[in-house]
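First residue of the sequence shown: 0, per numbering that gives the first Met the number 0; consecutive thereafter.
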Amino acid sequence: MNSMELALHPLRRHLARLVARCVALVEGVINPYRPELYYMRGPGPKFRARRQATLRD
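Put into C-alpha cells, the structure is as follows:
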C-alpha cells in the first residue's frame, strides 16, 4: 500500500459506516414492520373470563 491508500483508509471506513446507517434508515422507512410490536405475551382478560365461565359450569 502506498501512502495515499493508507491516508484514505479511515475515510473509506467512515464512509462505509455512513452508507450502512443510511441503508438501515431507508429500510426502516420502507419496511416499518416490527414484530416485537405484535408479539403476544399471553392470554388476555377475555380468555380468562371465558375460561372462568367454563370452569364454573
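Where is the CB? At the ideal position from N, CA and C, for every residue including glycine.
Here the structure is a predicted model, which is why all the values come from computation and not from measurement.
Using C-beta distances below 6 Å, list every residue in its chain close to residue i, excluding the 5 sequence neighbours before and after it, in chain order.
| i | result |
| --- | --- |
| ALA48 | none |
Mapping DSSP to helix, strand and coil, what is residue i?
| i | result |
| --- | --- |
| GLY27 | helix |
| PRO34 | helix |
| ARG40 | coil |
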